[in-house]
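Chemist:
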Ligand SMILES: CC(C)(COP(=O)(O)OP(=O)(O)OC[C@H]1O[C@@H](n2cnc3c(N)ncnc32)[C@H](O)[C@@H]1OP(=O)(O)O)[C@@H](O)C(=O)NCCC(=O)NCCS
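Numbering (my numbering), first residue to last: 36 to 208.
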């Protein structure tokens with residue numbers, strides 16, 4: 036039976052992630068990615084990255100968490116970068132633009148914080164609408180096996196994604 040979406044679900048409220056959101060986020064990520072999520076190369080990146088809760092967002096339908104995006108700080112070679120992910124939206128409220136709102140909010144926050152670029156692992160056919168592309172990330176190496184065509188980058192300022200190359204490592208101090 037199709038679910039009836041509330042008006043709020045179609046226009047979720049975006050808020051910065053709070054400490055107490057962690058448990059609900061874990062449930063949402065289990066729904067979106069399943070148990071295999073911990074084997075992804077993105078998890079290897081997040082293990083060495085610095086979590087930036089101040090740039091990470093949750094989408095709320097009233098009291099229900101319906102989406103989230105997290106941002107972490109990394110280095111690519113000797114260049115500072117942001118890493119976007121995980122991004123997830125609950126299945127019954129997809130295709131209402133929530134994923135797009137979350138990506139845009141996280142990128143806007145990273146840009147306002149002075150970061151020059153955002154890297155992620157995802158499908159270019161989805162993320163290209165937000166300015167992400169594989170070509171400028173072709174010389175970026177992740178700490179594990181990955182389809183290089185899924186390694187995408189978006190410049191947050193002019194030239195911000197130029198000459199990115201090397202291994203993704205822990206952020207510079
Ligand atoms: C990807 C995801 C976050 C999108 O959330 P959403 O709220 O539906 O996103 P939006 O409403 O902004 O965009 C929906 C559009 O993107 C399309 N889309 C979604 N995933 C896509 C993909 N992997 N490749 C191409 N297009 C995709 C949808 O078909 C829809 O197209 P339409 O507008 O023509 O109907 C959601 O599908 C999800 O949680 N997926 C599982 C987890 C995941 O894959 N996360 C991304 C990798 S980190």
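Cβ atoms here follow ideal geometry from the backbone N, Cα and C, with glycine treated the same way. Here the structure is a predicted model, which is why all the values come from computation and not from measurement.
1) Tell me, to the nearest whole angstrom, how far the beta carbon of residue 171 is from that of residue 141; I am working on the premise that it is less than 8 Å.
2) Under three-state DSSP, which class holds residue 38?
3) Considering only the alpha carbon of each residue, which of 110, 53, 183 and 208 lies closest to residue 157?
4) May I ask which residues mark the beginning and end of the alpha helix (DSSP H) holding residue 201?
5) For residue 122, which of helix, strand or coil comes out of DSSP?
6) Just reading off the beta strand (DSSP E) that residue 102 is part of, what are its end residues?
7) Let me make sure I understand the geometry here. Which of 206, 91 and 148 has the alpha-carbon closest to that of residue 57?
8) What residues come near ligand 1, if near means a beta carbon less than 5 Å from any of its heavy atoms?
9) Would residue 151 be called buried (16 or more neighbouring beta carbons within 10 Å of its own) or exposed?
10) What residue from 95, 154, 135 and 180 has the CA that sits closest to residue 161's CA?
Modeler: Quick answer:
1) Not quite, the Cβ-Cβ distance comes to about 19 Å (not below 8 Å), so this is no contact.
2) Caution is warranted here: a pLDDT of 41 is assigned to residue 38, below 50, making its placement in the model unreliable, and no coordinate value can be reported.
3) 183
4) No alpha helix (DSSP H) holds residue 201; the beta strand (DSSP E) holding it covers 201 to 204.
5) strand
6) 99 to 111
7) 91
8) 67, 120, 122, 123, 124, 129, 130, 132, 133, 134, 135, 157, 158, 160 and 161
9) buried
10) 135
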